[in-house]
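Numbers in my numbering are just positions in the sequence shown, counted from 1, shifted up by 843.
Scroll down for the structure; my scribbles are underneath it.
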Amino acid sequence: MPLYLSRFRYTPETWARLIANPEDRRNAARTYIESVGGTLHGFWYAFGPQDGLTLWEAPDDVSMAAVALAIGSGGAVTDLETTVLLSVEETLAALRTARGITYRPPGA
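Structure (structure tokens):
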């Protein structure tokens, strides 16, 4: 199954709710991804432009998109970005396939 890295920021209101009532959000995240047949591999908070990161495994892009849409529509997070991760083997296969593609730069 494909792996996905999500980065997000909580709204100030979300942080205020978490300060008033601290909650382990890994359990919620696990429920969301498991509802589409996936797995939560990690959930971290961070300093910097993002407040948190999650590593998910989902059956396909549509399933992951559904989870991201559901989370994003809830209003608790902003700047939710999800990146599909490729294994080294998948990248090597893409490189081999790229050898057979003739690219023409714009205007050339």
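Think of the CB as a built atom: it goes at the ideal place given N, C-alpha and C, for glycine as much as any other residue.
In the DSSP secondary-structure assignment, LEU883 is bridged to TRP899.
Listed as beta-bridge partners of VAL931 by DSSP are no residues whatsoever.
The beta carbon of THR926 is closer than 6 Å to those of LEU848 in its chain, skipping five residues each way along the sequence.
Taking C-beta separations shorter than 8 Å and ignoring five residues to either side along the sequence, the partners of GLY918 in its chain run THR854, following chain order. Rounded to the nearest whole angstrom, the CA to CA distance from ASP894 to GLY943 is 41 Å.
PHE890 counts as exposed, since fewer than 16 other beta carbons sit within 10 angstroms of its beta carbon. The continuous beta strand (DSSP E) containing ARG850 extends over residues 846 to 853. For ASN870, the enclosing alpha helix (DSSP H) has its first and last residue at 869 to 877.
It is roughly 24 Å from the alpha-carbon of TYR888 to the alpha-carbon of SER906. Of the residues assessed, GLY950 falls on the exposed side of the cut-off, its CB having fewer than 16 other CB atoms within 10 angstroms. Here ALA937 is exposed. Its C-beta has fewer than 16 other C-beta atoms within 10 Å.
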